[in-house]
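With full-length UniProt numbering applied, the sequence shown corresponds to residues 1 to 886, in that order.
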Amino acid sequence: MDENASMENSKMKKVFQGQSSREIGDRISNLPDNIIHYILSLLPTKYAVGTSVLSNRWKCLWTGIHNLDFCEQLSYSKSRARNNLLKRKQIFIDFVDRVLPLLDVSNIIKFSLKCREFDAAHIIRWITTAKKCNVEELLLTISLNCRYVFPLCLFTSESLKVLEIGSERFSKTETVVSISIPSSFCFATLKVLRLQYITISFDRSLQKVSLSFPTMEEFIIKGCTWLGIKNIDISAPKLQMLTIDDGWTSRSFRDCEIKVSAESLMSLHFRSRLCYKYSLHDLSSLVDAFIHLTCYNGTVKRLGPLLRGIFHLKNLHLAVASIRTLSHPNVSAHMRSLSFLTHLSVLMYGYGIGSTGASGRQFVDLLCNMPNIESIYFPHEVSVTKADGLGVNGIMLALSVAVDYVGVAQKFKYIMDESDSSENSIVKKTFEGQSSSEIGDRISNLPENILHYILSFLPTKYAVGTSVLSSRWKYLWTGIHNLDFCEQLSYSSSFARKNILRRKLIFIDFVDRVLPLLDVSNILKFRLSCMEFDISYVNKWISTAIRCNVNELILSINLDRPYVFPFCRFNFESLKVLKLGTDWASQTKMYVSVNIPDSTCFPNLRVLHLIFIPVSSEQSTQDVYLTFPILEECLLEGCTWLGIKNVHISAPKLQKLKIKDWWNVGLRDCKVKIYAESLVSLELESCLSYEYFLCNLSSLANAFLHLSCSNETVPNLGSLLSGIHNVKDLQLAGKSIPILSHPDLSAHMRSLSRLTCLRVKLRASGIDAPSGRQLIDFLCNMPNIESMFFPNGIKQVAFKGHGRLMGTTPRSFLSHLKLVHIKYFTWKNNEMWFVRFLMKSARVMDKLTIKVTTCPHFLGKYNMGRSAPEELQLLARDSNCAFEFI
């Protein structure tokens, strides 16, 4: 190292004089090399190399860094800033030339170079060395000591993803960077390109250039000059952010036309004097734009192609200086063509309405050309002067004039943020119901853990919103352990069908900003509800939750394209509750599906919900084994088993199982076998397209069956009924009665020897209600029933024959029946007949109690008289029954 470097190293040694070398070694020297390399990569290369004097181990550690940051200003002290110019430049050149050959890495991730008034030969040599090391990010802020034009091929490489080339804006003695480009060129791998204050020329006599960027996502071009070029075509199909700033560009060559095609563009930042002609094409995804225009009568006509290109725009941020230009009469038609524009933000930058920024009349004229505006936002302090007679009380008066012109006052929403303006203080006073001290007395004295507990019950949007209450509440939300992100809460109801891309950007930005600010090491509950999103965002948010040891993961998502989740992604130690679902009614039909291996185990999962999730197998085998040692609750709704013939689910601790498969489209011969010896409650709503085998259900207490099947799937019922033979309390939907009364199922129904309580739930509308014959045939197969309930009544059942069924029932028919309760009794003939039928059958029973309850709004009981109740009471006395009428 040279004399200057040794002085810097001696200063660095003094920093560590407070402790012994052993203590220092205990802190850093025991770290692995890769971690130390990462730390050194965050430092300027001068300081990273300077660590070589710390100890023998550190002597060559810096040679393994992948990020290089060479800054000329760091190569000399401030006292030598204006002296020894040649000396300091030679020091910097020697330093870079000595460091690059000593690097012990095959690739460079980031190469940053900042220097002024250097010979182009040195810069070309350093860039070439970085390219040989497969550099990914190349950041250059340079100026030359003589004019030199760099060829564009110098900055191209297969590994290059980020390229930034810039010069100092106000350099008097320095020569800015110039680049020559061919007539056609493609940057295949570049994702980010930033060009600042450079000159771009053409290397041939032709004056048309075509540049293609297939993968570029961000493009910034600031203060650049196009020399000798009349037409520039830029194609970037993946571009999302575009910044054009030519406010300082030379006015030469005014007939240069720049065409940009970017169908994926979402955000545009445009600041210009319109020295060049801009035309924007295929901006169908554009949501947000910032426009700052300063042009003259000769360049106003160039606004047409620009405004036509952004007609899909929804949210416009407008510098107040642009109002004068956009309110020009020749621009009115183009402004009215922005039919999607609903939100306007006016940025004052120190100017006011009626001052040097724009006149009040011009502001009103601009609003008249925006009939679809819903909200206007002023992030800065707003004032209106007495110019052109529009008033002195602030922007509200100018807006009121604009309403008179438009004629639709309710479309405007006025939002003010600056607390210093008099208008805002008036608005605040209208909402002051209590003083701040009174509010603090109610909530601010509570302990933080209680406040965190309260905030955990709120959707995260509202929890974060409490940060505006007071200084104490500003960061309270960062301590919550329950996160609930719902896309629908990120926009108002007026946004429901409009501004789809805008609302998605709002939601993405909200989640991306909240997650890094959390001050908790673990997340108890993470809920995400969104539709038609890119999987990259969903995967990123899920990964963040997993890193925070989430206990409960609830996902209700639809994606913008089909995606298959590997089921192992949700198999981690901290997860106890997993609820994964999609919206089956989504118009896009882009479902989330799950891919599972042939055998997998979830050792810690207690609750599993899969809703409208297609499930497929990773391997070619058609047998899948799923093991849940401690699972207690399982919901499978609308799930389809794709390409799987046998599904084996083992859950020895499962207590509650719910299956709904009305919408299955998988293999019809798929067999689902469930082993759950601890199962207590079962709910099955099925069209029986799959055959269910319920094994070892020795603890089953209650079950609900809602069945709908054809003659082809009736045989699948046998295995199901055999599995629930231990059930004690059975609830049936009315639609299931005709199916279960099928003659082929009589033996299986009689096998329900422990069944003592039956509940028949009929639809109030009478749809799918069984006939009287089907109900009686069904009851004939259930001799051990002790209690029977009809919670929705029996008026929907059509009993015909009135007594002719008595001789057709077996002698043991309902011989153990003790209680019948019928609700919503309306005393119709079919209901009366069924009650008489039960009473007459009670002659071979024990004591039978029949309760009938009329609905509260039943008016027939007031003109029914006493004949019907008295008739049933007399019959009950003769039939060893008790009849209760409520």
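Glycine is no exception: its CB is placed at the ideal position from the N, C-alpha and C atoms.
Values in this document were obtained by computation on a predicted structure and should not be read as measured data.
Straight-line Cα distance separating residue j from residue i
i    : j    : result
L555 : S529 : 6 Å
E677 : L580 : 25 Å
I123 : M216 : 25 Å
L642 : N107 : 45 Å
L875 : M839 : 7 Å
E871 : S708 : 39 Å
K110 : L68  : 6 Å
D661 : T627 : 21 Å
S52  : I557 : 52 Å
T466 : V624 : 48 Å
E831 : E685 : 28 Å
L451 : N445 : 10 Å
G352 : P379 : Residue confidence for G352 is low, a pLDDT of 46 falling below 50, so the modelled location carries little weight and cannot support an answer.
P516 : V464 : 13 Å
V727 : H816 : 17 Å
Limits of the unbroken alpha helix (DSSP H) element including residue i
i    : result
A545 : 535-547
H269 : Not the alpha helix (DSSP H): H269 falls in the beta strand (DSSP E), residues 267-272.
F335 : Looking at the sequence itself, residue 335 is Met, so the reference to Phe does not match. 332-336 is the extent of the alpha helix (DSSP H) around M335.
C780 : 772-780
N449 : 448-455
L100 : 85-102
D33  : 33-41
A48  : 45-50
Residue span of the beta strand (DSSP E) that contains residue i, given as start and end
i           : result
F111        : 110-118
T640        : 640-642
V346        : 343-347
E158        : Where E158 is concerned, there is no enclosing beta strand (DSSP E), given that its DSSP letter is neither H nor E.
V135        : Neither: V135 is in no beta strand (DSSP E) and is coded neither H nor E.
F290        : 288-293
S261        : 257-261
T826        : Unbroken run through T826: none, as it is neither H nor E.
L280        : 277-281
P738        : P738 -> not in any beta strand (DSSP E); alpha helix (DSSP H) instead, spanning 736-740.
residue 890 : Residue numbering for the chain in the displayed model covers 1 to 886; residue 890 lies beyond these limits and cannot be assessed.
Residue i, DSSP secondary structure in three states
i           : result
R308        : helix
T756        : coil
D669        : coil
I630        : coil
W62         : helix
S471        : coil
I353        : Note that I353 scores 48 on pLDDT, short of 50, meaning its location in the model is unreliable; the coordinates nonetheless yield the value given after this. Strand at I353.
S746        : helix
K428        : Only weak support is given to the placement of K428: the predicted model assigns it a pLDDT of 38, under 50, and the question is left unresolved by the model.
P715        : coil
G479        : helix
V300        : helix
D878        : helix
residue 888 : The chain is shown from 1 up to 886; residue 888 falls before or after that span and cannot be answered.
D661        : strand
L505        : helix
R527        : strand
E871        : helix
Cutoff 6 Å; reference residue i; Cβ partners in own chain excluding five residues on either side
i    : result
S593 : V564, P614
K673 : H648, F693
S159 : N134, E136
P869 : F885
Beta-ladder partner(s) of residue i, from DSSP
i    : result
F602 : Partner(s): none; F602 has no beta bridge.
F70  : L113
I221 : L195, I244
G581 : S556, I611
S327 : S327 is not bridged to any residue.
N646 : D623, K671
E164 : L139, R194
W226 : I200
8 Å Cβ shell around residue i - same chain, five flanking residues per side excluded
i    : result
N551 : N522, I523, L524, K525, S574, L575, K576, V577
Same chain, Cβ closer than 7 Å to residue i, neighbours up to 5 away in sequence not counted
i    : result
S617 : I596, D598, V624, G643, I644
Y537 : I508
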